[in-house]
Structure formats: structure tokens, C-alpha cells
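Protein chains in written order, with the numbering used here: chain U, 5 to 116; chain F, 5 to 116.
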DNA sequence: CGGTATCCAACTAGATACTG
DNA sequence: CAGTATCTAGTTGGATACCG
């Protein structure tokens, strides 16, 4: 995981996407951000199995990769907002497909 | 990674898909299998950065999850073929999207 | 509120060598 | 050919506590 883009693309562009999106919670975070700007603890509540450290790291990597934009509002108490960039919003169809495929898979698996 | 399906789906169906498909080479293997049945070393050559151990494990997990079917032909030398199941073929649109998105991402990233 | 720091367990991945 | 065995390095994730 986290192969440099330049190498990944030589093997296969699919690898690039896996490299950028492959963190355990990344696509779920993107999914929630597709419904609008969110604050840090809001995202944390939406992904209850991940702890703050994990959420922080994955958001920072998404930021580095230009998927997410982080805005700090200098207030007390602090307010930090996360929103998708244009590149992040371009993931909408992909997230929808993964969501549908995952729901289908879970339905079949749990029935059997 | 590799959250049990039953828990993942409670959080979000996207997590299910990530759990099943999130291995570093899994989607690339699926992509190559979409073009037809392949033998073990053929797949290995198509994913040159992964070693045999890694390819083996990821194929086995895909098999457990009903994405890939493994057929051993009792010959000398041995021949083992991997093909997608119906569930595996249902990933075709997803793989295409990831491929296109990855290519786009790499293009933008390398240019800048 | 939105994180960091620390420490630690578990898993992943790779190199290399070997086998039925 | 299609793996397995062994050993090791590196990454991910989690619990808990603390900070500006």
C-alpha cells in the first residue's frame, strides 16, 4: 500500500487509485463528505470504529493527495472543517458503486 | 482492513467493499482476470511488483470471498487456472472506473 | 474542540530459498 | 509450474492519556 504514484501507474492505473484510496476509512470519509462539509468530530461520529488518531491520519493523507481541503477557523473553541475538492467530488460515482456493491455483497453473504 | 462483513455493513456498505477488495493487488488481479482465465505465473508476471507469496494469499482471499474460482488440473507439470465468478465479473464497471480515475490522477500528479 | 504523544499489538509485505 | 517455508522490515491500527 502507498506505492508512489509514479511507480504504481507503470504497473496499472488501478494501482494508483488503490494507493490513494486504499486506507481503511478513506472512502467512507469521502462518502460522508459528499453530503457536505463536516467538522472533525462529526466525521469521527460517522465512523465510530475508527479512533481520532486514525481519522486524523487518513484525512491528512487525503489532503496531501488533493481530495480533501482542511480549513481551520481561528475561534475558541476551535472549528476545523473538511470539504471535498473538485478532485474529491469526482469520486462520487465510484463511491456510489462501491456502496451498492458492498450492500449487495453483504446481503448475499449474510443470507447464506 | 479485513473487518468482518457483518460489522462493516453496520457502519457503511462502502466498508464492506473496502474490506473485500482492499488488498494491495486484488483489484489489479481482478482487472487482469476480466480479460480471461489466467494461470498462476501469468498473473504473477502481470503484477511484477508482488511476489508469489503475496499473489497467492490475495488470490486465496478472493477465492474465499467468492470473487475468483481456482481450478487445479492434475497434470505434470501442474496447471492451476484462475477465473472470475459471476460475483467477480460484477466488478467490471468498478474496475473500469478505478482505472480511469487512477490514470487521470496520475496524469495530473505527474504533470504538476 | 480538535487534535498529539506514547506505547504496543497485529497484520502486511518482501527477499530468499526450497519442494512435489 | 505453482506454490510453501522462513525470517524480517515496515505499516496500520488501537488504547489511553494529555494539550492549547
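Even glycine gets a Cβ: it sits at the ideal position worked out from N, Cα and C. Quick caveat, the model's predicted, so the values are computed rather than measured.
Beta-carbon gap between residue i and residue j smaller than 9 Å
| i | j | result |
| --- | --- | --- |
| residue 83(U) | residue 76(U) | yes |
| residue 66(F) | residue 7(U) | no |
| residue 47(U) | residue 92(U) | no |
| residue 21(F) | residue 26(U) | no |
| residue 95(F) | residue 34(F) | yes |
| residue 89(F) | residue 72(F) | yes |
| residue 97(F) | residue 110(U) | no |
| residue 62(F) | residue 39(F) | no |
| residue 43(F) | residue 112(F) | no |
Where residue i sits in the DSSP three-state scheme
| i | result |
| --- | --- |
| residue 47(F) | helix |
| residue 13(U) | helix |
| residue 6(U) | coil |
| residue 80(U) | coil |
| residue 54(U) | coil |
| residue 70(U) | coil |
Identified DSSP bridge partners for residue i
| i | result |
| --- | --- |
| residue 42(F) | 86(F) |
| residue 36(F) | Paired residues: none, contrary to the question. |
| residue 75(U) | 85(U) |
Residue burial classification, residue i (beta-carbon count within 10 angstroms, cutoff 16)
| i | result |
| --- | --- |
| residue 19(F) | buried |
| residue 116(F) | exposed |
| residue 51(F) | buried |
| residue 32(U) | buried |
| residue 55(U) | exposed |
| residue 12(F) | buried |
| residue 41(F) | exposed |
| residue 99(F) | buried |
| residue 9(F) | buried |
| residue 24(U) | buried |
| residue 103(F) | buried |
Opening and closing residue of the beta strand (DSSP E) in which residue i lies
| i | result |
| --- | --- |
| residue 28(U) | Unbroken run through residue 28(U): none, as it is neither H nor E. |
Limits of the unbroken alpha helix (DSSP H) element including residue i
| i | result |
| --- | --- |
| residue 103(U) | 96-115 |
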